[in-house]
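The working numbering puts the first residue of the sequence shown at 14, with every later residue one more than the last.
Step one of this worksheet: look at the structure below.
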Amino acid sequence: MDKFIIRGGRRLKGTVRVSGSKNAALPCLAATLLTRQKCILTNVPDIADVHTMLELLKFLGSKVSFKNHKVIIDSSQTKSKELEHDRVSRLRASILLLGPLLARFGKVRMAFPGGCVIGKRSVRAHLNALRDLGAKMVQTKDWLHLAGKLKANKFLMWEASVTATENAIMAASLVPGKTVIRLAASEPHIQDLCHMLQGMGAKISGVGTSTLVIEGRKQLHGVKHAIVGDYLEMGTLAIAAASVPGSKVTITGLDPEQLDAFWNNLAEVGAKFTLGKNFVMIEYKKGLVALSKLETRLYPGFPTDLQAPFSIILTQAKGITRIFETLYEDRLKYFNELEKMGVKSEIYNPHQALVVGPVCLRGAVVESCDLRAGATLVLAGLVARGKTEVYNINYIDRGYENLAGKLKSLGADIRRVVI
14 MDKFIIRGGR
24 RLKGTVRVSG
34 SKNAALPCLA
44 ATLLTRQKCI
54 LTNVPDIADV
64 HTMLELLKFL
74 GSKVSFKNHK
84 VIIDSSQTKS
94 KELEHDRVSR
104 LRASILLLGP
114 LLARFGKVRM
124 AFPGGCVIGK
134 RSVRAHLNAL
144 RDLGAKMVQT
154 KDWLHLAGKL
164 KANKFLMWEA
174 SVTATENAIM
184 AASLVPGKTV
194 IRLAASEPHI
204 QDLCHMLQGM
214 GAKISGVGTS
224 TLVIEGRKQL
234 HGVKHAIVGD
244 YLEMGTLAIA
254 AASVPGSKVT
264 ITGLDPEQLD
274 AFWNNLAEVG
284 AKFTLGKNFV
294 MIEYKKGLVA
304 LSKLETRLYP
314 GFPTDLQAPF
324 SIILTQAKGI
334 TRIFETLYED
344 RLKYFNELEK
354 MGVKSEIYNP
364 HQALVVGPVC
374 LRGAVVESCD
384 LRAGATLVLA
394 GLVARGKTEV
404 YNINYIDRGY
414 ENLAGKLKSL
424 GADIRRVVI
């Protein structure tokens, strides 16, 4: 396992391009199981979670090639094999195999997925959606076992779960007839999955809304599809530029419109930025002020995955900000590490905290406890005086492609060290 060593206070200057979205790539990779024809995905991020998903597809019998951010997948010989705990324990997104395997083979059996520890994630929304499509299930303590021939239907999601919505969309796309999904999540990565499935022959309307109408097909064909840029990476890099004195950074590779709620909050704290068609330019500005409240919401609200990173700019803003994490419990644990760096905060419960600024962050030895917490500690290290060592960066590798390299290209003093 490696660590990052960061010497803070170096201003960030230049242009950087975001990689493809992890949260879009994973369901799109799973969707290749819906066809026997070859699929080509481009702009795929070269990150740990993508490699884990590709290993799962190989285990199921798919032929996979991954080079220069292009994945070629041939699933003509794929089978619905039992997915044991050892195979799915490293990736929560392995749950995305449920819908495609069930729709294509009429059965799927897998252990409960693992992954980052940011609170419990119920599989109820997945099971209810697939049951509404006709699946019969046997759920034990350690296994998910579903079987049956699926039928088109109209139903309401148990909750607006992103991955459950993706499972329902993928399954319905291989079911002839009209399926209507209400209370669907609408995040940009869900929209990207819908665009890929449209390219494979499914008819999907209502993309980007909470009601999706899917006219599935008995067979889907192959597709060439470019993964959308990562709006969460764009937000993370924007926070870095807005938090480090003297910085001026342009971030490209994505329409910033996907982050409207984020930009609204960034404007409210007094940050200086300019939005373009496929870029954003951020310039450090003195005199940042606290928010009255930072509250995560379902898309298009403020994204939960940027709640932790955004706390860094709040440590540099004057006043008290109350943070409300409405989606996941245990996502505020990163404050325990930030306090080692001088952050003044208080955690009321698993969903509420406050942070007081401005504070002068100081370097420290810290450990990431999940993907976004890890990125947050890197941002803190860029701002802090002195040396910061960030451990458990395997979490960061799961979702950010070459984060240290991109920051270094902008002038940051950050290096990766093998322990």
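Idealized CB from N, CA, C, for every residue including glycine.
{"Query": "Cβ-based burial, S141 [other Cβ within 10 Å; buried from 16]", "Result": "Note on identity: in this sequence residue 141 is Asn, with Ser being the wrong assignment. Buried, since its Cβ has 16 or more Cβ neighbours within 10 Å."}
{"Query": "For T192: DSSP bridge partner residues", "Result": "I227"}
{"Query": "Pick from D273, L304, E281 that is closest to P316, judged by C-alpha positions", "Result": "D273"}
{"Query": "Three-state secondary structure assigned by DSSP to S78", "Result": "strand"}
{"Query": "Exposure of R137, with buried meaning 16 or more beta-carbon neighbours within 10 Å", "Result": "exposed"}
{"Query": "Ranges of the beta strand (DSSP E) found wholly within the segment 141-169, counting only runs of at least 3", "Result": "149-152, 156-160, 167-169"}
{"Query": "Terminal residues of the beta strand (DSSP E) in which L436 lies", "Result": "Residue coverage of the chain in this structure runs from 14 to 432, which leaves residue 436 outside it and unanswerable."}
{"Query": "C129 versus R344: straight-line alpha-carbon distance, rounded", "Result": "Caution is warranted here: a pLDDT of 48 is assigned to C129, below 50, making its placement in the model unreliable, and the coordinate value is therefore given only provisionally. Cα-Cα distance, rounded: 10 Å."}
{"Query": "Alpha carbon of K76 to alpha carbon of D318, nearest angstrom", "Result": "32 Å"}
{"Query": "CA-to-CA distance, K149 to T265, given in whole angstroms", "Result": "46 Å"}
{"Query": "Whole-angstrom distance between N291 and V372, CA atom to CA atom", "Result": "34 Å"}
{"Query": "Environment of V431 [buried if 16+ CB atoms lie within 10 Å]", "Result": "exposed"}
{"Query": "N-terminal and C-terminal residue of the alpha helix (DSSP H) that M66 is part of", "Result": "61-72"}
{"Query": "E350, DSSP secondary structure in three states", "Result": "helix"}
{"Query": "Cβ neighbour criterion (16 or more within 10 Å) applied to P258", "Result": "exposed"}
{"Query": "DSSP-derived helix/strand/coil call for L304", "Result": "coil"}
{"Query": "Beta-carbon contacts of R398 that lie in its chain and below 8 Å, excluding the five residues immediately before and after", "Result": "G21, G22, C373, L374, R375, G376"}
{"Query": "Coarse secondary structure for I432, derived from DSSP in three states", "Result": "coil"}
{"Query": "C-beta contact flag for P269 and K231 at 8 Å", "Result": "no"}
{"Query": "Status (buried if at least 16 other CB within 10 Å, exposed otherwise) for A255", "Result": "buried"}
{"Query": "Rounded straight-line distance, which links the Cα of Y408 to that of S135", "Result": "21 Å"}
{"Query": "Beta carbon of L233 nearer than 8 Å to that of G214", "Result": "yes"}
{"Query": "Proximity below 8 Å, CB of L143 to CB of A124", "Result": "no"}
{"Query": "Environment of G289 [buried if 16+ CB atoms lie within 10 Å]", "Result": "exposed"}
{"Query": "Buried or exposed (CB count within 10 angstroms, at least 16 for buried), D145", "Result": "buried"}
{"Query": "Close beta carbons around E296, own chain, < 6 Å, minus the five adjacent residues each side", "Result": "K261, K285"}
{"Query": "Own chain residues within Cβ distance below 6 Å of I131, not counting five before or after", "Result": "Low confidence applies to I131: its pLDDT is 38, below 50, so where it sits in the model is not reliable enough to give any reading."}
{"Query": "C41 (DSSP reduced to helix, strand or coil)", "Result": "helix"}
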